Structures are given as C-alpha cells and as structure tokens.
Ligand SMILES: O=P(O)(O)OC[C@@]1(O)O[C@H](CO)[C@@H](O)[C@@H]1O
Ligand SMILES: [Mn+2]
C-alpha cells in the first residue's frame, strides 16, 4: 500500500490569536452588521418597489441575519441549511462530513471548525436569508460597496485603459521580448489589483487611487514567488503548438469586482490581442460572496459602465469587451462549486462537470486570496512545502495563482524566506503587501 502523507491541520478559530480567530471574532460580525444596516437603509426602496410585502420581507431577512450573528458570536453549532437552493443538499452533506471529522466529540461550531468552512457558510446563510424572502430575494447586499469601489478607482481605471489602448495601437509590431514585457506588466497589474478586496477591510473602502503601472518596479521585491517566466513559456509554446488549430484557451477564475476586475479584463484582452490565446473563459460567483466577489451582474455592469463612460479610452475598452462576449471569444460562466466550502482538491468528485471543463483549458489563472486558500486547502503548511504538493492532486490543467497575501497560509517559499520576512514584518502574511505569481504545470 502506498504511504499516505497526513495533511496539516486546517486554519481555524480554535487557534486563539490567529488571523482566523480574529476574522471570526471581529471581522465577520462587522460584515453582518453592515449587511443588516444596508437592508435597513433600503427599506423605502423595497416599499416603493414591492409595497408592504417588501418591507415585511426586509424585516424577516434582518431577523434571520441577527440570529446568524448571534449564533456566530456565541460559538453555537453550525446548523443545516433549510432553504430550497440547489446546493443546500451539498452543504448539509458537508456538515455531516465536518461532524465525522470531529469524531462526534462535539458539534462543529463557529470557532471550533475549519475557518474556510465557517466563513463560506456565513456568506451562504446571508444568501439564504434573502432567498427565503421574496420579493427581495434578488437583492445583492454587497452591490453598493462594489459600485463604490469601481467609481473610487476611476482615475486608475482611466490610466490603465489609456495605457492599454496605446499599447494596442502598435501591438502587431512588438517582438517577442516586448510582448513578454507587456505580459509581465499586465500580470503584475492584475496581481496588485487583488489588494482591492472589500471583505478584508470588512466592507470599508479599498480602491486603487493612483496609476497601477507606475509603481510596478518598486513592488517587484514584494512578489515572493514569481513564476511569470513559466507562464510566458507555456503560452508561447501553446501558441506554437496550436498555430493551425487556433484553440488556446485561458481561464480566469475571477475574484473581486471593482478595480481588480478591470485589471483582469485588460489582461484577458491582451492575451487575445497579442494572439497568445484565442479564447478567455471567466468564472464568477453565482451568489454574492466575500463582499466584493464578481457575480454575472457585476461582470456585465462593469463592461456597460466602461462602455458608456465619458472617456474615450475607457469606453473603447468597454465596447471591445462587449464585442468579445458577442463573438464568443470571451465567455462568462458560473458554477455553484465556487461558492461551496470545499477546497479544490475535491472538485473532481463534487463537481466533475466543472473539473472536466477546466481540463479543456491551456492555463487556469486563479485570482486572489480565497482561491489560494481553496487551492492549498487552507491549512497550516510549512512555507517550503512545494505548491504542487499542497494542491493535493488538483491538476485539471496548468494553473497559476495571482494572489496578494491576506491570510496566514503560504507554500512554495525558499528555505528561510518566510522566517526572514517574519522577523522584520510579523504581519507579512495578512497585510496584503506581499504577493505571489505561483505556477504549477499539472504534470
Ligand atoms: O479572495 P480575496 O478577495 O483576495 O480575499 C478575501 C479575504 O479578504 O477574505 C478573507 C478574510 O475574511 C481572507 O481570506 C482574504 O483576505
Ligand atoms: Mn474576494
């Protein structure tokens, strides 16, 4: 029998003083309070749209959310979902799985369970509170924050769109070296765009104010794992191999709406315009998630906003991107798996259709911290454990994580590298100041 190496323990609120502990204790209740406040503030709007029924629904949703906050703060056992949404059964099966993990010694509770599980569960319960209360069941409690982030990043968006449209003018004349340089720049812009998430700041603003291109050089030392060269080789070789067949597909597993999404669009456009790829498939969330994550509505809204912007290069970008969707060279998809609590090593079993779809891709780009946590199982890994090992057999296609560090898990570092930063900057794993472009070839 082959030796089975045990996996490290999961990050969890049971480790007092850890980032997970503080997130569950402080940040999640804060997010719930904001959600309740948002519903309160929209009371008149619900009344105008739906009459008394709207106001009744708002009251019921708020009462469910207050109950949820209380359960969390008093470390109550996690309860089965009682709604009719299509993924409810999978969530309840997973609760049973968590119960078995704790050997029946105690019911899985908010602070005692894996952090990834309870944090995802909170967002799913927020969705339940709304979904169970028509006519406000389609209300996105996080929409305002996402919209605000987009508008507050306006100048950075203009700078990026302008830079990109200039680049497109002579993209055909660029040699390989120049194309590589541009790819590296736009990968870094997309990486640092991940600083702009709203769950990290518990919904407080986190927009990009200055031009994202100016500071790239200075930020290089903060990229702890930098596999951009590997990405380049993969794309160039894929292009050569597929010269006639024309089917290099890149998938972007999206993270946050707002500025980060614009950086992902620019990267995706570059991949097509440079002919490094023929198709880009974007994967978003089917329910509002982790405050700022991109839903189909956010995706389309952002492109529409750009299109109708009062700035030539912004609107040019928006028009081109809408065109890409129409031509089918850009595709938006969502799948319930992305909003389940499972890490990606269980995708092949839990969502074989999604796994099979990702296998058709030449390269998967996973944006952001939560995706990194799900790639590596959200565990207390040694820093030097190879990325490939932490992926725990998740290898539908070559993949790369573009992530700023906002939770205390990191793999694939050189011996001593983590310890060295730790000595001078104890907050390095959770400050969002460091990032990785971490690649796995799926062999
Ligand atoms: O995935 P993202 O948007 O980069 O980050 C999500 C995040 O803010 O949410 C969690 C904190 O609650 C952390 O895992 C992470 O920092
Ligand atoms: Mn996010």
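In the numbering used here, the protein residues as written are 657 to 1099. Ideal Cβ positions, reconstructed from N, Cα and C, are used throughout, including at glycine. Note that this is a predicted model, so its numbers are computed, not measured.
Taking the CA atoms as reference points, residue 949 sits about 26 Å from residue 700.
Excluding five sequence positions before and after residue 879, the CB atoms of its chain that fall closer than 7 Å to its own CB belong to 1091, 1092, 1093, given in chain order.
For the set 921, 930, 910, the Cα lying nearest the Cα of residue 904 is the one of 930. Relative to ligand 1, residue 954 has its C-beta separated by 8 Å or more from all heavy atoms. For residue 905, the enclosing beta strand (DSSP E) starts and ends at 905-909. Here residue 770 really is in contact with residue 1034; their C-beta atoms are around 7 Å apart, less than 8 Å.
For residue 916, the number of other beta carbons within 10 angstroms of its own is at least 16, and it is reported as buried. If you check the CB distance, residue 1006 and residue 1037 do not come in under 9 Å.
For residue 1097, the CB contacts under 6 Å within the same chain, skipping 5 residues up- and downstream, are 1054 in chain order. A direct Cα-to-Cα measurement between residue 732 and residue 765 gives close to 5 Å.
Contact annotation, residue 673 with residue 680: C-beta distance approximately 12 Å; criterion of less than 8 Å not satisfied. In this chain, the beta strand (DSSP E) harbouring residue 938 covers 935-940.
It is roughly 32 Å from the alpha-carbon of residue 939 to the alpha-carbon of residue 661.
Counting along the chain, residue 1006 sits inside no beta strand (DSSP E); it lies in the alpha helix (DSSP H) bounded by residues 1003-1006. With respect to residue 847, residue 1060 sits close: the two C-beta atoms are nearer than 9 Å.
Relative to ligand 1, the beta carbon of residue 669 is positioned no closer than 8 Å to any heavy atom. Put simply, of 996, 718, 971, 786 the residue whose alpha carbon is nearest the alpha carbon of residue 773 is 996. Residue nearest to residue 866 within the set 739, 877, 882, 845 is 845 (criterion: CA-CA distance). For residue 1091, the enclosing beta strand (DSSP E) has its first and last residue at 1091-1096.
Secondary structure at residue 986: strand, using DSSP grouped into helix, strand and coil.
If you compare the alpha carbons of 796, 666, 730 with that of residue 953, the shortest gap goes to 796.
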